[in-house]
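Protein chains: 2
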Amino acid sequence: MSTFVIESTRSGFVESFHVVSVAVVSAESTLVAAAGDPDRVTFWRSAAKPFQSLPLVQDGAADRYGFGPRELALACASHSSEPVHRALAMQMLRASGCEENQLACGPHPSLSQAVAEEALRAGVALTPRWNNCSGKHAGMLALARHHGWDPTGYASAGHPVQERIQDEIAKWTGLPRDALVKGVDGCLAVCFGLPLRAMATAWARFGISEDPAARRLREAMLAHPDLVAGKGRACTDLMTAFQGEAVVKIGAEGVYCAALPRARLGVALKVEDGDARCAAPALLTVLRFVAEQQGIPLPMTGLEHHAEPRLFNTRGEVVGSLRTAGSLGFA
Amino acid sequence: MSTFVIESTRSGFVESFHVVSVAVVSAESTLVAAAGDPDRVTFWRSAAKPFQSLPLVQDGAADRYGFGPRELALACASHSSEPVHRALAMQMLRASGCEENQLACGPHPSLSQAVAEEALRAGVALTPRWNNCSGKHAGMLALARHHGWDPTGYASAGHPVQERIQDEIAKWTGLPRDALVKGVDGCLAVCFGLPLRAMATAWARFGISEDPAARRLREAMLAHPDLVAGKGRACTDLMTAFQGEAVVKIGAEGVYCAALPRARLGVALKVEDGDARCAAPALLTVLRFVAEQQGIPLPMTGLEHHAEPRLFNTRGEVVGSLRTAGSLGFA
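Those sequence lines, one after another, are chains A and B. What the first sequence shows, in numbering that gives the first Met the number 0, is residues 0 to 330, in sequence order. What the second sequence shows, in numbering that gives the first Met the number 0, is residues 0 to 330, in sequence order.
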């Protein structure tokens, strides 16, 4: 099996390294390329959000509450708690007749350091809308409202909202419903554990699906990459640069997934130690490799700092970087 | 070779894992126990500070400028920028006739989240005294002053201060001077790259040395663990709990070193991916193992949260922990 790592360098020497497992899979679930253990089971975390949002669209809740591309992009987002993200989450709640205090997720400092520091300086009391998953949760609450389900416990295993989502996850990954490991995500919603290969299968299908709900979510993410993450964040910058050639979504603990519709492929990777900084460099290396092999265009302009993030000392001088080593192998 | 990992769990399932290399070595450089690659070469980072501080004491600078156990503890510290740490660093500078703007290190937010947030809320402009290495740098400046060396560039390779330190590092590790990899640390001082086994040898020797300078530094660290790190930090809590049975010092990027004087052993470990959260759990597992094998006392009361740090969701509920798996092997 090919070994694929992200090396952390200092003064030209490899100081630390991060092992990455990768699965590149066709929509028919054929493994095209891999590194490490493509059958590695881990939690999908936020890279599952497009699939967690499918019932919201399919069941008619999105239409009923007037959720357009912006709201759907936010439902799939791990946003930076920028003012636009918080306002949109509140708008989704209002539209479905819900209140912020019904959100199961707790607050946390913004994933954007600038936004987090501004909030701290201003003495803002963080509330659940600040959670990077508040759009997903607003969507789950809207789904419960739409079906007339008691929203209490909407984020927990066993609630109809989560049962409905689990059905979709099973369908898109091709896994038996009971094969999905269930855990509690950082935002308190159910998160699903499954092999990277199955995640990649779902993403390959998501990239080319003609299912109207999948199509709307995919197009929403591509139309509003600024709402899927935030200023300077990888998902936003990558989808902006790729000009529709790839849909990407990061997850916590080193997970990153992508769809390459033109190649009909899906990608899922896991930085084995969960390092969040290494996920984007790993994904960009995989996407460049696959694009070259498949002969498809994938504009990479302006993504150099995501492909090889520089490391600085306390005087702001570059001391090293996070760089890819090793290679993907063909399956 | 034994495999030793820190597992990151979520809902009872292993989500991510961190591989750890360990060397447990006698003062005679005999490998007693190991995991992963005990010959792994990496940067010693701040776990080298006691050795970087030896010339300060040996050459008479500490005595000349009135540096007692508190100042020497701070010279060996990666402190939390608490008021006491900043004040002591300034006092060291004043005593040797230096100014804060001569410190080569840049500022950074405190390693203590509470201190960092307080500074941000208060709108404090961070200056070099805030750097966790400001005590080490104040000591280096004092050494330059004492010898009448031009302090310009005192932190950089080639300056007499760094040459003098490199001699000591070579002596204590038993490595040829030229075998030491040289890099630039986060604080801009020279950092040294060498095998874990050599780091552990130096620590074993440091723990039992009758060299007056080593003894003074060792006793300073043991007498003032609050100055070596800070409130709630691992080095402070561990040395407080151990009641003189171990000297410990963390380094950046997952390095942790320790001396167990009663067993005449030194420990050096590296979390291969550099995860700082995993270093203390790994060290505590190694120390417990060694103490049991050697039949020496090592009080562990109150260290449970360092041995297995809990992981929380955004509502503050426990979702998992960082726990040790695998084992050390005897060499």
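Every residue, glycine too, gets a C-beta built ideally from N, C-alpha and C. All values derive from a computational prediction rather than experimental measurement.
In this structure the segment 158-170 of chain A lies against the segment 185-202 of chain A, because at least three pairs of beta carbons, one per stretch, are closer than 8 Å. Residue-level contact check: Val4/A does not touch chain B, since none of the beta carbons of chain B fall below 7 Å from its beta carbon.
Under the DSSP assignment, Ile5/B falls in the beta strand (DSSP E) whose first and last residues are 3-9. Assigned with DSSP and collapsed to three states, His145/B falls in helix. Using a Cβ-Cβ cut-off of 7 Å, Arg39/B does not count as an interface residue toward chain A, since no Cβ of chain A sits closer than that to its own. For Gly182/B, the chain A residues whose Cβ falls inside 9 Å of its Cβ are Arg9, Ser10, Gly11, Phe12, Glu14, Val318, Gly319, in order along the chain. Of all C-beta pairs linking the segment 213-225 of chain B to the segment 269-280 of chain B, fewer than three are shorter than 8 Å, placing the two stretches out of contact. Distance from the CA of Gln51/B to the CA of His136/B, rounded to the nearest whole angstrom, comes to 10 Å. Counting only the Cα atoms, Pro108/B lies some 7 Å from Trp129/B.
Using beta-carbon distances, His78/A does not count as an interface residue toward chain B, since no partner is under 7 Å. Taking 3 residues as the shortest admissible run, the segment 231-287 of chain B contains the following complete beta strand (DSSP E) segments, listed from N- to C-terminal end: 246-250, 254-259, 264-270. Residue pairing for Ala32/A: DSSP places it in a beta bridge opposite Val23/A, Phe329/A. Straight-line spacing of the CA atoms in Ala61/A and Glu27/A works out to 29 Å. When DSSP states are grouped into helix, strand and coil, Glu14/A belongs to the strand group. If you ignore the 5 residues before and after Ser15/B, its C-beta comes within less than 6 Å of the C-beta of Ser7, all in its own chain and listed in chain order.
From the beta-carbon of Arg314/B, the residues of chain A found nearer than 7 Å are Gly105, Leu187.
Considering only Ser111/B, Gly147/B, Asp36/B, Asn312/B, the residue with the shortest C-alpha distance to Arg63/B is Gly147/B. Closest option to Thr200/B, judged by alpha-carbon separation, among Thr235/B, Ala258/B, Gly182/B, Lys181/B: Ala258/B. Lys181/B is bridged by DSSP to Phe191/B. The alpha carbon of Lys248/A has as its nearest neighbour, out of Ala275/A, Ala262/A, Phe66/A, the alpha carbon of Ala275/A.
Closest option to Ala47/A, judged by alpha-carbon separation, among Asp38/A, Gly65/A, Arg120/A, Ala76/A: Ala76/A. Three or more beta-carbon pairs drawn from the segment 82-91 of chain B and the segment 114-132 of chain B are found closer than 8 Å, and the two stretches are therefore classed as touching. Secondary structure of Val123/A (DSSP, three-state): coil. Residue range 159-172 is occupied by the alpha helix (DSSP H) that includes Thr172/B.
Contact of Asp272/B with chain A by beta-carbon distance below 7 Å involves Ser15, Phe16, His17, Asp272, Asp274.
Under the 7 Å criterion on CB atoms, Gly65/B is classed as non-interfacial with respect to chain A. In this structure, the CA atom of Gly11/A is about 7 Å from the CA atom of Gly319/A. Rounded to whole angstroms, the separation of the alpha carbons of Val317/A and Ala72/B is 30 Å. The beta carbon of Lys170/B lies closer than 7 Å to none in the same chain, with the five residues before and after it left out. Annotated three-state conformation of Thr323/A is strand, per DSSP.
Excluding residues up to 5 positions away in sequence, Leu310, Val318, Gly319 lie with their Cβ nearer than 8 Å to the Cβ of Arg9/A in the same chain. Distances from the CA of Asp184/B to each of Ala154/B, Arg322/B, Glu244/B, Arg232/B were compared; the closest alpha carbon is that of Ala154/B.
Ala245/A and Ser45/A have their C-alpha atoms some 17 Å from each other. At a Cβ-Cβ threshold of 7 Å, Leu55/B and Gly138/B count as neighbours. Along the segment 252-263 of chain A, going in chain order, the ones with a CB nearer than 7 Å to a CB of chain B are Glu252, Gly253. Arg214/B: member of the alpha helix (DSSP H) spanning 211-222, first to last residue.
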